[in-house]
Amino acid sequence: MWSSEVQKDEAREAAAKLAAEAHGDFTESMSYGDYLDLDTILSAQKPRSDQHDELLFIIIHQSSELWMKLVLHELENAVALLRNDRLEPAFKSMARVSRIQAQLIQSWDVLATMTPADYSNFRDALGQSSGFQSAQYRQIEFLLGNKQEHMLKPHAHIPELDAKLREALRRPSLYDEAIRLLVRRGFPIDPSVLNRDVSLPHQAHPSVLAAWIEVYRHSADHWDLYQLAEELVDIEDAFQQWRFRHMTTVQRVIGFKRGTGGTAGVGYLRKALDIVFFPELWDVRTSL
Ligand code: HEM
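Heads up, the sequence shown is in the working numbering, so the first residue is 836 and it goes up one at a time.
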């Protein structure tokens, strides 16, 4: 026997010995699968066709929804922390959101292995269902400031969900909280910005731009606000990358067909690229 094979045998034996020390009887105690409720999660993939690629399509959506759940958890935490002037822990949550977004952007590469023919084999089975009806996606958009009441329409038939989304629509966004923080730090923000109806999207205002210009020009004097601005830009930048990859993936899979959700498809997704959450943080770049 070659010496490398002897070494492999020894390694296998040693690993088996160490594994034998692990707990093996779970009749009385909680196991990994119990803790994670894997029975529920792993039985939630219910393809509507017998087509091979439908499982990929389901899993990519379900895992995206799980990551969105964590994004919401972190963004809600960041909003509450900012409101209480606790910037450092808020940055931790915001940085985590950016890393999750990187994961979500990466997942388009997996989905792009599905060809147009693979998808059209089961597309009819989706009926009118579409990511357009993702309640968590709308909630994330609301938290980031893209408040659009008409997006509640697909959720009207589920009263609890409708109420949850309406509540998110009426709450100040992450950016509203950042602007309120600028005020607490002495920046003269126009009252019309502070007293605005927060269930509508924020409109860029010169007083907010002037505050960010001061923060960026004198970053050493306003280091935490400067960091906050850059963390916000990271999140919006990644959000745009996700939107862009969604649009290109959709184009390569269905071309310019209409979406199952009823919109024009790629034309609709291309228009969504014009949506801006934190306009002054992009304008500030031009002003510096
Ligand atoms: C082959 C795969 C996919 C196709 C062909 C596709 C197609 C589309 C289309 C055409 C729309 C516009 C609404 C409509 O008319 O249906 C849309 C919206 C949307 N999709 Fe997808 N999609 C795909 C994968 C995904 C995945 C993996 C996610 C992850 C959750 C996702 C999430 C969304 C969301 C959140 C929207 C709403 C976007 C907005 O309103 O700005 N999609 N999709």
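Cβ atoms here follow ideal geometry from the backbone N, Cα and C, with glycine treated the same way. Quick caveat: nothing in here was measured; it's all calculated off a predicted structure.
Residue i - DSSP class collapsed to helix/strand/coil
i: H1081; result: helix
i: A855; result: coil
i: P882; result: coil
i: I1110; result: coil
i: R973; result: helix
i: T1070; result: Strictly speaking, residue 1070 in this sequence is Ile, with Thr absent from that position. Three-state result, I1070: helix.
i: A1039; result: coil
i: T875; result: helix
i: R1120; result: helix
i: R1093; result: coil
i: K988; result: helix
i: G868; result: helix
i: H1053; result: coil
CA nearest to the CA of residue i, picked from the options
i: L1063; options: V1050, Q1075, A1073 and F1074; result: V1050
i: L1016; options: H1057, W1117, K1092 and F1074; result: H1057
i: V893; options: R1052, F957 and R1093; result: It should be pointed out that residue 893 corresponds to Ile in this sequence rather than to Val. The candidate whose alpha carbon is nearest that of I893 is F957.
i: E911; options: E845, Y1010, L1060 and Q1075; result: Y1010
i: G1144; options: P989, H985, D959 and I993; result: Nothing about residue 1144 can be read from this structure; the chain reaches only from 836 to 1123.
i: L987; options: R1019, A970 and R1052; result: A970
i: Q1075; options: F1022, V1111 and G1096; result: V1111
i: S1027; options: Y1061, Q1038 and R1020; result: Q1038
Residue range of the unbroken alpha helix (DSSP H) whose run includes residue i
i: M903; result: E889 to R918
i: G1102; result: V1101 to A1107
i: A1013; result: L1009 to R1019
i: P994; result: P994 to R1005
i: F1022; result: Here F1022 belongs to no alpha helix (DSSP H), and DSSP marks it neither H nor E.
i: V1033; result: Here V1033 belongs to no alpha helix (DSSP H), and DSSP marks it neither H nor E.
i: S965; result: Careful: S965 lies outside any alpha helix (DSSP H) and carries neither H nor E.
i: M929; result: L922 to L946
i: A952; result: P951 to S955
C-beta atoms of residue i and residue j nearer than 8 angstroms
i: M949; j: L891; result: yes
i: L978; j: V1043; result: no
i: A952; j: T1084; result: no
i: L907; j: Q968; result: no
i: G1100; j: I1089; result: yes
i: R1001; j: V1033; result: no
i: E1066; j: M903; result: no
i: S899; j: L873; result: no
Presumed contact (8 angstroms Cβ cut-off) between residue i and residue j, rounded CB distance
i: W943; j: R1080; result: 4 angstroms
i: A1073; j: S933; result: 6 angstroms
i: A1013; j: L917; result: 6 angstroms
i: S1122; j: I1070; result: Not quite, the Cβ-Cβ distance comes to about 21 angstroms (not below 8 angstroms), so this is no contact.
i: W1117; j: Q936; result: Actually they do not touch by this definition, with Cβ atoms about 17 angstroms apart.
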